[in-house]
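Okay, so here's the structure we're looking at.
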Amino acid sequence: MDNFEWGPALRVGQAKAHKTLTEETLARLRRDIVSGEFEAGQKVKSEDLKKRYQVGTSPIREALFQLVSEGLVRSDGQRGFRVAELRQEELLDITDWRARLECEALRRAIATGDMEWEARVVAAFHRLTRVEGESGLDPKDAADLWEDHHRSFHFALYSACGSPWLLRFCELLIQHGERYRRAYISYPRISSSITAEHKAIMDAAMAREGDRAADLLERHIRHAADLALAHATRRPALGTSLAKKRRVGGMESEQVLKSRAPAKR
């Protein structure tokens, strides 16, 4: 990942030797919300969070206000804070902007990336596939591990785009996409079709086929959203309007998922 002297700070791919207490609290709370430790719409009380994370009031309040700015937490004014709801309209909006911005980032990276970029992409893909072969892990640990490496793979693909702002917007949208995915999809085993999608994107990127890579990436992003939407038809949180069928790679979402059990939380 390039080190920019301008633009917003990035989390993915930026190792930091030491985090402040507030930064550590923010990272833990963000991860717990994205992974579903806190239910959508759940009220979050400062006193409960202080006990959970063993910190004082100030780091908790700073973390909550930061997560409000990221859209993961809602402020109810004097009534406190609550975890943001999960909504069909938001997932569709997230997916559309992910497709636009991540494909733009990938095209730029392919056009300007050097050998170091290629090495980052190949290494990230290798780590992701190795994680997919892990067995014997607790389901939540397996999900955490896979999502960490999945996120790193996508950011390796975009890392040579040359714009910290574009990377930051991609980072925020990927974070929200992960939250919806983890709310509705279980992780007993990563489908071989998902691995094949990642490899196809990587191969096109390494061949410097920008348009083909971007097309494969957009299909991949929309496929992931369709899987979440199809699972969500069985859950009340996103409403009954999701019962309408959506096309996924030439077949209906329901057909793709008919052999999979609904996610259990």
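Counting from 1, position 99 in the sequence shown corresponds to residue 99 in UniProt numbering; the numbering is continuous, with no gaps.
All C-beta atoms in this analysis are idealised placements derived from N, C-alpha and C, irrespective of residue type, glycine included.
- In the three-state reduction of the DSSP assignment, R208 falls in the coil class.
- Runs of the beta strand (DSSP E) lying entirely within the UniProt domain "HTH gntR-type" (19-86) and spanning at least 3 residues, in chain order: 73-75, 81-83.
- Here the region 48-68 does not lie against the region 170-189, with fewer than 3 beta-carbon pairs under 8 Å apart.
- Relative to D48, the option among S35, G71, S159, I60 whose CA is nearest is I60.
- The way I'd put it, the region 16-33 doesn't touch the region 153-166; fewer than three beta-carbon pairs between them come closer than 8 Å.
- Looking at I33, K51, A111, G41, the one whose alpha-carbon comes closest to that of E178 is I33.
- Within 10 angstroms of the beta-carbon of S159 lie 16 or more other beta-carbons, which makes it buried.
- DSSP, read as helix, strand or coil, puts C170 in helix.
- A124 and I174 have their C-alpha atoms spaced approximately 17 Å apart.
- Secondary structure within the region 102-143: the alpha helix (DSSP H) runs of 4 or more consecutive residues, fully enclosed, are 115-132 (chain order).
- The alpha-carbon of R79 is positioned some 25 Å away from that of E24.
- Rounded to whole angstroms, the separation of the alpha carbons of Y53 and D141 is 19 Å.
- For R182, the closest of L29, E39, A27 by C-alpha to C-alpha distance is E39.
- Look at the beta carbons and you see the region 204-212 touching the region 104-113: at least three pairs across the two are nearer than 8 Å.
- L91 and A225 do touch by the CB rule: their CB atoms are close to 6 Å apart, below 8 Å.
- Restricting attention to D148, L172, L157, D138, the CA atom closest to the CA of P8 is found in L172.
- For a cut-off of 8 Å, the C-beta gap from I194 to L217 is around 13 Å, too long to register as a contact.
- Close CB contacts of K50 within its chain, under the 8 Å cut and outside five residues either way in sequence, are with G56, T57, I60 (chain order).
- Comparing C-alpha distances from H126 to each of H150, L72, D114 shows the shortest one belongs to H150.
- Here G210 has R107, I110 as same chain residues with Cβ atoms under 6 Å from its own Cβ, once five neighbours each way along the sequence are excluded.
- Of all alpha-carbon atoms in E134, G136, V122, the one lying nearest the alpha-carbon of H154 is that of V122.
- Nearest neighbour of A119 by Cα position, chosen from T129, H220, A156, turns out to be A156.
- Shown here, G177 sits in a helix according to DSSP, grouped into three states.
- The C-alpha of S152 lies about 12 Å from the C-alpha of T129.
- By the C-beta density criterion, A196 is exposed, having fewer than 16 other C-beta atoms within 10 angstroms.
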